[in-house]
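In my numbering, the protein residues as written are 33 to 259.
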């Protein structure tokens, strides 16, 4: 199906580090070469308003956000958190690490205004710990820029590995604790029928199986591969 060249717009939530994954956007563009995709970072309220007013076709966000209204939710994956830490660090050789153990390391994390940071802080608290990072960044790129050099560790969503990989000299250690990661997915307007653009994006997202793709990539890094 080759959609008309209407401009589909999509949002990502709360100025945070959620990014649309190539397994969804690339097949969409391949199937609909005349359609153009515009990506914006929006608050949950702006996502709700944009979908309700038909200014957005779809958005990628945390599905457990109670402020999202009048939308239909389509889960893509559940975030899994891992520790990026120097390969010669005290936790690098462990198969897993507790959140409380990670809190004791010299950390570089996203800033407290970021939704993802607040989620991570909740995970630390659930394991009886509080993280006090030495460095905070308002972007994932800025965070990654601090990691090479062998001093700092960070806690990231496994989905970031898809975009940013693992810096040289760093290892990946899954984090364990009582808290579970939030669900991430697509939201569209609740009204029926859905727009052809939203329906096409949902179709390729289902076919891409983002959850399996991200889990497979994480398994590759845990096995020592950086390909």
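Beta carbons are placed, not taken as given, at the ideal position from N, Cα and C, and that holds for glycine.
Here DSSP, grouped into helix, strand and coil, assigns residue 60 to helix. In the displayed model, residue 130 falls within a strand according to three-state DSSP. According to the DSSP assignment, residue 166 belongs to no beta strand (DSSP E), since it is labelled neither H nor E.
Taking residue 167 as the centre and dropping the five residues before and after it, the same chain places the C-beta of 140, 178 closer than 6 Å to its C-beta, in chain order. The beta carbon of residue 105 is closer than 7 Å to those of 95, 217, 219 in its chain, skipping five residues each way along the sequence. Around the beta carbon of residue 82, 16 or more other beta carbons sit within 10 angstroms, so the residue counts as buried. A distance below 7 Å separates the beta carbons of residue 190 and residue 250.
Excluding its 5 nearest sequence neighbours in each direction, residue 133 has C-beta neighbours in its own chain below 7 Å: 123, listed in chain order. Close CB contacts of residue 117 within its chain, under the 7 Å cut and outside five residues either way in sequence, are with 123, 124, 137, 185, 202, 203, 205 (chain order). Here DSSP, grouped into helix, strand and coil, assigns residue 101 to coil. Counting the other Cβ atoms within 10 Å of the Cβ of residue 200 gives fewer than 16, which makes it exposed. Closest in alpha carbon position to residue 115, among 176, 234, 144, is 176. As a beta-bridge residue in DSSP terms, residue 94 pairs with 216.
Non-local C-beta neighbours of residue 110 in its own chain, meaning closer than 8 Å and more than five positions away in sequence, comprise 212, 213, 214, 215, 216, 243, ordered along the chain.
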